[in-house]
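Here is the structure we will look at.
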Amino acid sequence: MEYTKIEGKSIGFYGIIALFGILIAIGLFEFVQGMRFGQEDYGTSNIVPWGLPITAVIFLIGASAGALMLSSLTYVFGKEEYKPVSRISIFLAILLLIGALSTIEGELGRPERFMNLMIYGPQNLTSMFAVNTFLYGAYIILSIVYLWTTFRADLLKVTKILGAAAAALAIFVHAGTGSIFGFIVAKELWFSPLLPVLFIVAALTSGVALLILILTATFKFTGRSMDENLVVGLGKYLTAFLLLQLFLVFIENMVRIYGGIGGGEMTKFLFAGPYSFVFWGIQIFLGTIIPIAILFARKTMVTVQIASLLAVIGVFAERFSLVIPGQSVPPQQVVGRALMGFYGEPAIYSISGAEVAIILGVIGAIGILYLIGLRVIKLLPS
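The following block contains the structure:
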């Protein structure tokens, strides 16, 4: 199969570049403000130190891992019908992980402290933060080499080996990200052996859904026709991942309710507390049940796109429901006693404009890098 670049000389192309540039400017402004004044404009607190940017981080890492694993359909398992989009899925996986790490940098306020993990990480490999630092670095390097081999017809066997290694590493990367939360005993909504597995399944869901949306938009705006059978085929994978994700969410929360510390009080806080609408309304109903129903009813180009958009929203809501409520209720100091926090009450987190600006800046950077890649690298089928 032959691949080609885009010309990138139209008014629409430069218009999208300008739009992404504005987003970058907004993000850079808040990043500088954070370096100057700290995180006083954020909605975070001592009880909820991780806000919307961390939610975006684990979403982007998951989408990256899912996109990379999908490339193995062609290069590892020989499904040639997905070859037109396999090369671009690897490129997107690289950009999404870089975007996730950039979001961490923007959220820190003191980005130079990120190097502490590289400096002191080897001395403390019992820390999942330290382990994941090396996993992310290896992931980016391996993905770049993997993408490069797809341009070489004489390296097909090497591409297959690297594709299998990259898919395996993607699983470890997102399982490792899930372990950052799943290994924390003090947080009932986080501590779970199922969480790394749920992270992998959610990664596949968001990876497939986001890939469908980006690819169909790219083909449309570059004047290419998208094979409906290809999109419907990806829709079948999306259906399976959504069903598996719903099952894991159900099992995990049932275990927490029946066997959780203090009678599963924190899980009840998720179900009926101030964030319950995000869980029930957005994650479960809008982002899982409705797309499953749409995909079961009929799979066409349009219905798969609608289901993909809802699935992306649902996975992001799932990340939010994990990160924010999981911090909002302080852990019990003694089993069986009342939940203790500042003033004895759970913290309520409110999304701030500064945090949204950081995320918009990262989206702008990913968008510009993606467009530049389409213009200078042969990623699209000719």
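The numbering used here numbers the first residue of the sequence shown as 1072 and each following residue consecutively. Just so you know, even glycine gets a beta-carbon here, dropped at the ideal spot from N, CA and C. Since we're looking at a predicted model, the values are computed, not measured.
Sheet register partners of P1452 (DSSP bridge): Per the DSSP secondary-structure output, P1452 pairs in a beta bridge with Y1074.
Opening and closing residue of the alpha helix (DSSP H) in which G1208 lies: G1208 -> alpha helix (DSSP H) spans 1199-1220.
Supposed contact pair L1357 and P1396 - C-beta distance, whole angstroms, cut 8 Å: Incorrect: roughly 18 Å between the Cβ atoms, too far for contact.
A1409, DSSP secondary structure in three states: At A1409, the pLDDT of 46 sits below 50, so the modelled position is not reliable; the number obtained from the coordinates is stated separately. A1409 falls in the coil class under three-state DSSP.
Neighbour-count burial assignment, R1327, 16 or more Cβ in a 10 Å radius: By the 10 Å Cβ count, R1327 comes out buried.
Under 7 Å between C-beta atoms of A1388 and I1353: Yes, the pair counts as a contact, with Cβ atoms nearer than the cut-off.
N- and C-terminal bounds of the alpha helix (DSSP H) containing I1232: Note, I1232: alpha helix (DSSP H), 1227-1253.
Rounded separation between A1343 and I1419 - CA only: Using only the alpha carbons, I get a separation of about 14 Å.
Cβ shell of A1238 (< 6 Å), same chain only, five flanking positions each side left out: The answer, listed in chain order, is M1140, S1143.
Chain-order list of residues whose beta-carbon lies under 8 Å from that of A1368 (same chain, five-residue window excluded): T1374, listed in sequence order.
Other residues of its chain near P1124: CB distance less than 7 Å, five sequence neighbours each side excluded: Contacts found: T1174, G1177, E1178, E1426, I1429, I1430.
Which listed residue (S1214, F1254, G1137, K1154) has its alpha carbon closest to that of M1297: For the set S1214, F1254, G1137, K1154, the Cα lying nearest the Cα of M1297 is the one of K1154.
Residue interval of the alpha helix (DSSP H) (run including K1291): Its alpha helix (DSSP H) spans residues 1266-1292.
C-beta atoms of I1211 and A1246 nearer than 7 Å: I1211 is not a Cβ neighbour of A1246, given a cutoff of 7 Å.
K1258 - containing alpha helix (DSSP H), residue span: K1258 -> no alpha helix (DSSP H), and no H or E assigned at all.
Beta carbon of S1198 nearer than 7 Å to that of L1167: With contacts defined by Cβ atoms closer than 7 Å, S1198 and L1167 do not form a contacting pair.
DSSP state of F1084 mapped onto helix, strand, coil: Of the three classes helix, strand and coil, the one that applies to F1084 here is helix, per DSSP.
C-beta contact flag for A1138 and G1278 at 7 Å: Yes, Cβ-Cβ distance for A1138 and G1278 is below 7 Å.
Inter-residue CB distance, L1286 and I1082 (contact presumed, cutoff 8 Å): Not a contact, Cβ separation roughly 23 Å.
Burial state of M1325, where buried means 16 or more other Cβ atoms lie within 10 Å: Around the Cβ of M1325, a 10 Å sphere holds fewer than 16 other Cβ atoms; the residue is exposed.
Own chain, CB closer than 8 Å to L1450, minus 5 neighbours either side, in chain order: Only Y1074, K1076, R1158, I1159, F1162, G1444 meet the Cβ criterion.
Short Cβ contact (7 Å threshold) for V1147 with A1235: Yes, the Cβ-Cβ distance between V1147 and A1235 is below 7 Å.
CA-to-CA distance, T1115 to G1015, given in whole angstroms: No answer is possible for residue 1015: it lies beyond the span of the chain, which begins at 1072 and ends at 1453.
Outcome for F1200 when other beta-carbon atoms lying within 10 angstroms are tallied against a minimum of 16: Around the beta carbon of F1200, fewer than 16 other beta carbons sit within 10 angstroms, so the residue counts as exposed.
Rounded separation between Y1441 and Y1329 - CA only: As the crow flies, the alpha-carbon of Y1441 is around 46 Å from that of Y1329.
R1446 beta carbon less than 7 Å from that of I1129: The beta carbons of I1129 and R1446 sit no closer together than 7 Å.
Cutoff 7 Å; reference A1273; Cβ partners in own chain excluding five residues on either side: Close CB contacts of A1273 within its chain, under the 7 Å cut and outside five residues either way in sequence, are with G1133, Q1316, V1386, E1389 (chain order).
G1438 versus F1091 - alpha carbon distance: Near 6 Å, if we compare the C-alpha coordinates of F1091 and G1438.
Start-to-end residues for the alpha helix (DSSP H) that takes in T1174: That run of the alpha helix (DSSP H) goes 1154-1179.
For S1135, three-class secondary structure by DSSP: S1135: helix per DSSP, three-state reduction.
Coarse secondary structure for A1428, derived from DSSP in three states: A1428 falls in the helix class under three-state DSSP.
Status (buried if at least 16 other CB within 10 Å, exposed otherwise) for G1435: Buried, since its Cβ has 16 or more Cβ neighbours within 10 Å.
Three-state secondary structure assigned by DSSP to A1296: Going by the sequence as given, residue 1296 is Ser instead of Ala. Three-state result, S1296: coil.
Rounded C-alpha distance that separates F1318 from L1393: Roughly 16 Å separates the two Cα atoms.
Candidates M1186, Y1085, A1311, V1156: closest to L1284 by CA position: With distances taken between Cα atoms, L1284 lies closest to V1156.
Spatial distance of A1171 from A1164 (CA atoms): Using only the alpha carbons, I get a separation of about 11 Å.
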